[in-house]
Amino acid sequence: MIPRSVEEMIAVGLLPYPVESIQQHGDGLINNTFKIITKRKEDPNFLLQKINNRVFKDVDALQVNIKLITDHLRKKVEKEGVKDPDKCVLIPSSILSNGTTRSYYWDHNNDYWRLYVFIENTYTHEKLKNEEMAQSAGRVLATFHKFLVDFKSPDFKELLPNFHNTPKRVETLKKRIKEDVAGRLKNVGEEVDFLLSRENEYSKVTKLGEMGVLPTRIIHQDPKINNILFDKKDNAMCIIDLDTVMHGYLCYDVGDAVRNCANSGNEDEKDPGAVSVDMNIYKSFINGYTNIAKDFITWAEMESLGFGPRLMTYEQAVRFLSDYLYGDKYYDYKTFYPEHNLVRTKAQIQLLKGFEDNYQEMSEYIRSLGNWQL
1256 MIPRSVEEMI AVGLLPYPVE SIQQHGDGLI NNTFKIITKR KEDPNFLLQK INNRVFKDVD
1316 ALQVNIKLIT DHLRKKVEKE GVKDPDKCVL IPSSILSNGT TRSYYWDHNN DYWRLYVFIE
1376 NTYTHEKLKN EEMAQSAGRV LATFHKFLVD FKSPDFKELL PNFHNTPKRV ETLKKRIKED
1436 VAGRLKNVGE EVDFLLSREN EYSKVTKLGE MGVLPTRIIH QDPKINNILF DKKDNAMCII
1496 DLDTVMHGYL CYDVGDAVRN CANSGNEDEK DPGAVSVDMN IYKSFINGYT NIAKDFITWA
1556 EMESLGFGPR LMTYEQAVRF LSDYLYGDKY YDYKTFYPEH NLVRTKAQIQ LLKGFEDNYQ
1616 EMSEYIRSLG NWQL
């Protein structure tokens, strides 16, 4: 069903070209996203997306950040002479509002909408089909990092401070345990003990960053596989959903991507036996990533990559359990039954055990690749 707000935007001519039709794009669970089909063949089609202003309170700053990042990426793509540059960056488009162009539209429901130029013949996937796709995904993430190595702007703002600050996430969990506002603590004693017993182990990256051992870089912060566009031949083309782009450590992005793509099960898998680490996918992703990243990564960063999947899986388990204890307030828009966040917590804990069991092999594989910039 097309929201009335979208129909109104079309009716009053807020979009830059005549519109033929509107289609729901994606599952619509997280963002309300629609494909806008224009009438003339020579005109581009668009993605119209509702901004999550519950999380991103400063919509103006968010849109400035995305414009700064995409402009920088586009210049890099063109300088590199990349084939099909229009498929390598999801470009924001202006919306006409009250006779002026803006980066978003604010409707009568206090919802915010933005436009992107639609990249034709590209697709997202929830799961990778094979190791070749994993390698390609690793390459495109490393290229994203490489292109942003020299990004600087006084107008860029950190919109979600401490987004991947694991010790702070654990402090939030402790607060939720103490308050037990939803009366659910009695259900999760084993999970609480498991996660809190590893608190010191998973504070290491934050401490290394504070000591200056790990350099801070501009990273994506949420590079799930469904945030990568692939072409018809399953080649990864570009990273999308840039709302969370901020300063952080490379192991955050590599870790979160591997957490997502090397999991044999689903993030909310009810059967723990279905959750394990696919080491072939892991190695393929790392191979693709390091083939590009070797030109700019430091030795300390290289050493942290194998730890990244453990760290991000631990942190995600902490976040799911925190939300479960809080009554499903943060993930409410994609929590579909009372125990959903607990199921997610257990699945992440099972995955974490797999990463811990495979950690030595994961680290040794990275070292075996060699040719690092020291």
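Numbering-wise (my numbering), the sequence shown opens with residue 1256 and increments by one. Cβ atoms here follow ideal geometry from the backbone N, Cα and C, with glycine treated the same way.
Out of curiosity, what's the CA-to-CA distance linking residue i and residue j?
i       : j       : result
LEU1484 : LYS1342 : 9 angstroms
ASN1320 : ASN1365 : 21 angstroms
LYS1505 : VAL1532 : In the sequence on display, residue 1505 carries Leu and not Lys. For LEU1505 and VAL1532, the distance between alpha carbons rounds to 21 angstroms.
TYR1620 : ARG1514 : 17 angstroms
ALA1529 : ASP1362 : 44 angstroms
TYR1272 : HIS1400 : 34 angstroms
TYR1457 : LEU1566 : 6 angstroms
GLY1393 : TYR1614 : 19 angstroms
PHE1373 : ALA1548 : 28 angstroms
ILE1285 : ARG1259 : Because ILE1285 carries a pLDDT of 49, less than 50, the predicted location of this residue cannot be relied on, and the following value inherits that uncertainty. So the alpha carbons of these two residues sit roughly 19 angstroms apart.
CYS1516 : PHE1418 : 21 angstroms
ASP1448 : ASN1442 : 12 angstroms
ASN1300 : LYS1290 : 7 angstroms
PHE1610 : GLU1446 : 17 angstroms
SER1559 : PHE1540 : 15 angstroms
THR1288 : ASN1542 : 33 angstroms
LEU1597 : GLY1444 : 12 angstroms
THR1398 : ASN1385 : 20 angstroms
PRO1470 : ASP1550 : 15 angstroms
VAL1583 : LYS1338 : As written in the sequence, residue 1583 is Asp, which differs from the Val given in the question. Cα-Cα distance, rounded: 45 angstroms.
ALA1512 : ILE1494 : 12 angstroms
GLN1278 : PRO1340 : 26 angstroms
ASN1518 : TYR1507 : 16 angstroms
Out of the options, which one is the CA nearest neighbour of residue i?
i       : options                            : result
GLY1561 : SER1623, ALA1529, ARG1309          : SER1623
VAL1404 : ILE1552, VAL1261, LYS1525, ASN1481 : ILE1552
ARG1439 : LEU1576, GLU1262, ARG1472          : LEU1576
ASP1315 : LYS1479, TRP1368, ASN1287          : TRP1368
VAL1468 : GLY1503, ALA1512, ILE1494          : GLY1503
LEU1599 : GLY1609, ASP1362, GLY1520          : According to the sequence as given, residue 1599 is Arg; it is not Leu. Closest by alpha carbon: GLY1520.
GLN1390 : GLY1625, ASN1546, LYS1589, LEU1580 : ASN1546
ARG1472 : GLN1571, GLU1413, ASP1362          : GLU1413
ARG1574 : ASN1420, ASP1508, THR1499          : ASN1420
GLU1556 : ILE1432, LYS1459, ASN1455, GLU1297 : LYS1459
TYR1360 : ALA1437, VAL1261, GLU1558          : VAL1261
GLU1297 : GLY1464, ASP1511, GLU1375          : GLU1375
SER1452 : PRO1422, LYS1441, ASN1308          : PRO1422
GLN1318 : PHE1411, VAL1337, LYS1290          : PHE1411
LYS1525 : THR1499, PRO1340, TYR1592          : TYR1592
LYS1334 : LYS1312, PHE1402, GLU1386          : PHE1402
GLY1510 : LYS1433, ILE1494, PRO1527, LYS1479 : LYS1479
LYS1312 : GLU1434, THR1461, THR1499          : THR1499
Take the Cβ of residue i as the centre, count every other Cβ of all protein chains shown within 10 Å, and call the residue buried at 16 or more, exposed below.
i       : result
ASP1612 : exposed
GLU1381 : exposed
SER1408 : exposed
ASP1587 : exposed
VAL1310 : exposed
HIS1327 : buried
ARG1431 : buried
PRO1564 : buried
ASN1535 : exposed
GLY1625 : exposed
GLY1336 : exposed
Mind checking whether residue i and residue j have CB atoms under 8 angstroms apart?
i       : j       : result
ARG1357 : VAL1344 : no
LYS1294 : VAL1274 : yes
TYR1537 : MET1466 : no
ALA1602 : ASP1477 : no
PRO1347 : LYS1331 : no
ILE1350 : LEU1270 : yes
ASN1481 : THR1590 : no
LEU1302 : LEU1370 : yes
TYR1544 : LEU1396 : yes
Once the 5 residues before and after residue i are set aside, which same chain residues still bring their CB inside 7 angstroms of it?
i       : result
THR1377 : LYS1342, LEU1484, PHE1485, ASP1486, MET1492
VAL1425 : GLU1454, VAL1573
TYR1581 : ARG1431, VAL1436, ALA1437
SER1276 : ILE1292
HIS1595 : ASP1523
Tell me which residues share the same chain as residue i and place their Cβ nearer than 6 angstroms to its Cβ, disregarding the 5 neighbours each side in the sequence.
i       : result
MET1388 : ASP1489
ILE1265 : VAL1274
ASN1308 : VAL1314, TYR1367
TYR1585 : ASP1578
HIS1280 : THR1288, PHE1289, LYS1290
PHE1406 : HIS1327, ILE1473
Can you find the residues in the same chain that come closer than 8 angstroms, C-beta to C-beta, to residue i, ignoring five residues on each side of it along the sequence?
i       : result
LEU1497 : ASN1320, ILE1321, ILE1324, THR1325, LEU1345, HIS1475
LEU1450 : VAL1425, LEU1428, TYR1569, ALA1572, VAL1573, LEU1576, ILE1604
LEU1607 : ARG1565, THR1568, TYR1569, ALA1572
THR1461 : ASN1420, THR1421, PRO1422
PRO1527 : LYS1601, ALA1602, GLN1605
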